[in-house]
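Asker: Here the sequence shown is numbered in our numbering, starting from 1045 and rising by one per residue.
Here's a structure for you.
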Amino acid sequence: MLHYPQSDFPPFPASVLDLHRRRSPPYPTPLYSAGDSSTPCCVSYFYGDEIEQRRLENAVPEGFNADYLKAYYGKIFPYVDIFKWLSYGNDGKHPGCDHSYFGRREFSFTLDNDIYLRFQSFNTASELENAIKEKCPFKIDIGPVYSVDPSKRHAYSQGGDNIFTPVEKELVFDIDISDYDDARYCCSGADVCLECWPLMTIAIKVIDNSLRDDFGFSHILWVYSGRRGVHCWVCDGKARRLNNEQRAAIVDYFCVYKGNENSSKKVSLVGPALHPFLVRSYTEVLKDYFENRLLSSQKLFLNEERFEKILEMIPDESVTSELRGRWLSNKRSREEINVARWDQLKNLLQSSKQKGQGLRRCIEEIVFTFTYPRLDMEVSKHMNHLLKAPFCVHPKTGRVCVPINPKSCEEFDPSAVPTLSQLLGELNTGGFKRERDNEWDGTSLGDCVRYFRESFLQPLLKSCKEEIETSYNAKVQQSRNSISW
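In structure tokens form, the structure reads like this:
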């Protein structure tokens, strides 16, 4: 019997055991048994029916497991990439680098039993790695860069309000699909499926396009939250240095959906013409997804209860009465009923006699109501708000918070995101390469880390180094001018 310390060799997930079990004898099948952190993980070899018996006795549930998490942090989590990202080039040897920068960043750890540790800080990638491996947090959140080391904030408590204060933070957005419960019928709450996930795809496309085209940001990271939504990190220097008022102004720019569960009309598009951003969002994204995806997948006109919600958005009783009468008297249609009823509504509103001011925006308002991004505005407005780190593992699903490529976000499938047990099973199958630091490269997380590194991190660091060089040269020139004066 071979013995491995459990911290080095994780329990073997049941799904991988199934693969081994299907191999034909006489090849032996390894079976890994789990214990607590002080118990060795043992490898034994069994044949035939004994495999099934042992598998049932020792199978470890899929999803989230604290022992799995230790192995994940020990072998897979990309510490160096996270460190380089949040250093923004200040870990280099250039005289313009601020070597205190990363050490002034706040991290928070949520441990088992909901123990919450705020104001954690680290000076190096090794310190960050050692702390995470030691504490094994169920969740890691990232906060702002403060004026001083946040772990030593009490030493500055008597120095006034301006001594310990946030000075930089990425502009972030948090979009949760549970906020769309009045726009989807397939799921509710934290549940999500491929029928309603396009709502998140729409949000990524609309917000990402505007951040780049309207605000000129370039270094934008989209991350799957691990369960029911997406997070956006805008990492350009000018975005990180925005104050709270400027952040609030950007959030207000995106604010169209203002409804709640008690209001029948949640979107009001006023004025003789829509803002160019809204026109672009409607024509390039919203209209297409509403008519070609959500209309049928969510069955928005399937029955009276559903179509009445839409009729309530039309401020003309003659129009709503005519449509209601048609739909109640003809409950069957040779065509797809949702598409047919939507076409009837559009044709009636667009007819020459129905173009009054009150009906001008009804079609667009309905589409915006069911598709437009719904932001958690408070998350974006304040510098001191923390957000979950990329590559964390969601404790409810066991899925990793992986980056999403906005250029191909319509291909993203949340149900295919690597899980903790899946990744460790892949490590077990391939065998640990103990001399390597990038064990993730041999797992299904490999493409995610490579995308983060090549498409996001490398262009970002190139830009940061140029910014550091430019800023340093400007200071040198200013110093020379002062001396010559």
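Beta carbons are placed, not taken as given, at the ideal position from N, Cα and C, and that holds for glycine.
Taking only three categories from DSSP, how would you classify residue 1194?
Answerer: helix
Asker: Let's see if you can read the secondary structure: which residues bound the beta strand (DSSP E) around residue 1394?
Answerer: Residue 1394 -> not in any beta strand (DSSP E); alpha helix (DSSP H) instead, spanning 1381 to 1394.
Asker: Return helix, strand or coil for residue 1266, following the three-state DSSP convention.
Answerer: strand
Asker: Using only the heavy atoms of the ligand HEM, determine whether one of them is closer than 7 Å to the beta carbon of residue 1374.
Answerer: Because no ligand of any kind appears in the structure shown, any question about the ligand HEM cannot be addressed here.
Asker: Relative to the C-alpha of residue 1280, which candidate in 1222, 1501 and 1519 has its C-alpha closest?
Answerer: 1501
Asker: Taking just the CA atoms, how far does residue 1444 sit from residue 1463?
Answerer: 6 Å
Asker: Please list, in chain order, all residues of the same chain as residue 1512 whose beta carbon is under 7 Å from its beta carbon, the five residues on each side excluded.
Answerer: 1133, 1138, 1140 and 1141
Asker: Measuring alpha carbon to alpha carbon, tell me which residue in 1437, 1337, 1358 and 1234 is nearest residue 1313.
Answerer: 1358
Asker: Residues bridged to residue 1275 by DSSP?
Answerer: Under the DSSP definition of a beta bridge, residue 1275 partners with 1218 and 1267.
Asker: I'd like the span of the alpha helix (DSSP H) that includes residue 1160, first residue to last.
Answerer: No alpha helix (DSSP H) contains residue 1160, which is instead part of the beta strand (DSSP E) from 1159 to 1164.
Asker: What does the Cβ neighbour count give for residue 1115, buried or exposed, with the cut at 16 atoms within 10 Å?
Answerer: buried
Asker: Which residues does DSSP list as the beta-bridge partners of residue 1291?
Answerer: Partner(s): none; residue 1291 has no beta bridge.
Asker: On the three-pair Cβ rule with 8 Å, is the region 1248 to 1263 touching the region 1224 to 1239?
Answerer: no
Asker: Looking at the structure shown, is residue 1071 part of a helix, part of a strand, or coil, going by DSSP?
Answerer: Residue placement at residue 1071 is flagged as unreliable, the pLDDT there being 34, under the threshold of 50; a coordinate-derived value is accordingly withheld.
Asker: Give a yes or no on contact between the region 1110 to 1130 and the region 1493 to 1510, applying the rule of three or more CB pairs nearer than 8 Å.
Answerer: yes
Asker: What does the alpha-carbon distance come out to for the pair residue 1380 and residue 1290?
Answerer: 46 Å
Asker: Closer than 6 Å by C-beta to residue 1493: which residues in its own chain qualify, once you throw out the five before and the five after it? Chain order, please.
Answerer: 1122 and 1484
Asker: Assuming residue 1423 contacts residue 1268 under a Cβ cut-off of 8 Å, what Cβ separation, rounded to an integer in Å, is found between them?
Answerer: At roughly 16 Å, the Cβ-Cβ gap does not stay under 8 Å, so residue 1423 and residue 1268 are not in contact.
Asker: Assuming residue 1211 is part of the alpha helix (DSSP H), what are its boundary residues?
Answerer: Element bounds for residue 1211: not the alpha helix (DSSP H) but the beta strand (DSSP E), 1210 to 1212.
Asker: To which residues of the same chain is residue 1405 closer than 6 Å at the C-beta, ignoring the five residues directly before and after it?
Answerer: Within the same chain, residue 1405 has close Cβ partners 1313.
Asker: To the nearest angstrom, how far is it from the Cα of residue 1225 to the Cα of residue 1233?
Answerer: 7 Å
Asker: Starting from residue 1173, trace the alpha helix (DSSP H) both ways and give me its first and last residue.
Answerer: 1169 to 1179
Asker: Counting pairs of beta carbons, one from the region 1182 to 1189 and one from the region 1152 to 1164, are three or more of them closer than 8 Å?
Answerer: In short, these stretches touch, since the Cβ pair count reaches three.
Asker: With H, G and I counted as helix, E and B as strand and the rest as coil, what does DSSP make of residue 1149?
Answerer: strand
Asker: Roughly how many angstroms separate the alpha carbons of residue 1217 and residue 1270, rounded to a whole number?
Answerer: 15 Å
Asker: Just list the alpha helix (DSSP H) runs in the region 1305 to 1370, keeping only unbroken ones of 4 residues or longer that don't cross its boundaries, in chain order.
Answerer: 1320 to 1325 and 1348 to 1355
Asker: Taking the straight line between their C-alpha atoms, what separation do you get for residue 1461 and residue 1194?
Answerer: Looking at the two C-alpha atoms, the distance is approximately 34 Å.
Asker: Taking the straight line between their C-alpha atoms, what separation do you get for residue 1333 and residue 1117?
Answerer: 39 Å
Asker: Specify the secondary structure class of residue 1019 as computed by DSSP and reduced to three states.
Answerer: As displayed, the chain neither begins before 1045 nor continues past 1529, which places residue 1019 out of reach and without an answer.
Asker: Within the same chain, show all residues whose beta-carbon is closer than 7 Å to that of residue 1331, passing over the 5 residues directly before and after it, in chain order.
Answerer: 1411
Asker: Let me make sure I understand the geometry here. Which of 1210, 1287 and 1154 has the alpha-carbon closest to that of residue 1425?
Answerer: Comparing Cα-Cα distances from residue 1425 to each of 1210, 1287 and 1154, the minimum goes to 1287.
Asker: In the DSSP output, what is residue 1443 paired with across the bridge?
Answerer: 1463
Asker: Cβ atoms of residue 1418 and residue 1235: under 8 Å apart, would you say?
Answerer: no
Asker: Pick from 1517, 1172, 1206 and 1110: whose alpha carbon is nearest that of residue 1128?
Answerer: 1172
Asker: Please work out which residues of its chain come closer than 7 Å, Cβ to Cβ, to residue 1367, disregarding the five sequence neighbours upstream and downstream, and give them in chain order.
Answerer: 1355, 1388, 1389 and 1392
Asker: Starting from residue 1412, trace the alpha helix (DSSP H) in both directions and tell me its first and last residue.
Answerer: 1406 to 1415
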